[in-house]
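Quick notes on the structure that follows.
In the numbering used here, the protein residues as written are 57 to 335.
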């Protein structure tokens, strides 16, 4: 089964919608002759600004965008999803693909709002997509054609890495990927505060802490070694690092982070259940 066309439309150009747009506009994927990108947002000034930056096409309504595009990326806030889908549902066909990045709304809920008229892929990106270093988890049901899955993955890979998971795993993915940049920024800020306490400038502290986190993450991904092994490589017997590690263990770092993941995942579950009651 083929899409009606390969045009990509983005409804909602807040942080995530605009991140996807910028990444797509700079990628090879969107430069083929059979693809064009269209956007719609109620704030028309946002559309005009992004058009200056990316040479994207603007539509006057979500309905117009849906008529022009085979792939529709739903990037509005969760509370606006039902409203937007009600505006386009009569235009949807089986040759459309809806790619939703709205948190807390299941595939079943989306299909119900769309009267099961087209295929749906659910995605959970994160904010590093703004610089092309995102991590996006996607899920879908068994009815969707493989070529639609491939297309969605190609779109999202313009923003970083993509991992296919089951929908039951989306809440865990939300907690350890979708929301975790916020936890990392808190850790980075705390490291920098420690640097300032010992005489480093704020600017240098942020730079050193950020590079240390970036380097550690890249080392894990490239070596594929267990994080415990990499940690042990830094810890010399009787040295400074093992003192810091012992302090972190004493003060419950692991448990605190695991508890944060649990709280985030449970909130995601609660949001989805609440959305289900409303639809």
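Backbone N, C-alpha and C define an ideal beta-carbon position, used for all residues, glycine too.
Predicted model only: the values in this text are computed from it and were never measured.
Residue 78 and residue 159 have their C-alpha atoms roughly 21 angstroms apart. Beta-carbon to beta-carbon, residue 183 and residue 237 are separated by about 5 angstroms, close enough to satisfy the 8 angstroms threshold.
For residue 150, the closest alpha carbon among the candidates 170, 314 and 72 is that of 170. Per DSSP, the continuous beta strand (DSSP E) segment holding residue 218 begins and ends at 216 to 220. Membership of residue 66 in the beta strand (DSSP E) is indicated by the continuous run 64 to 67. Sequence-distant Cβ neighbours of residue 239 in its own chain, meaning closer than 8 angstroms and more than five residues away, are 313 and 316. Restricting attention to 91, 130, 173 and 84, the CA atom closest to the CA of residue 97 is found in 130.
Under the Cβ criterion (8 angstroms, minimum of three pairs), the stretch 218 to 227 does not count as touching the stretch 94 to 112. Looking at the DSSP output, residue 195 shares a beta bridge with 178. Just measuring C-alpha positions, the residue of 135, 81, 118 and 142 sitting nearest residue 112 is 81.
Checking the DSSP bridge columns, you'll see residue 156 partnered with 130 and 178.
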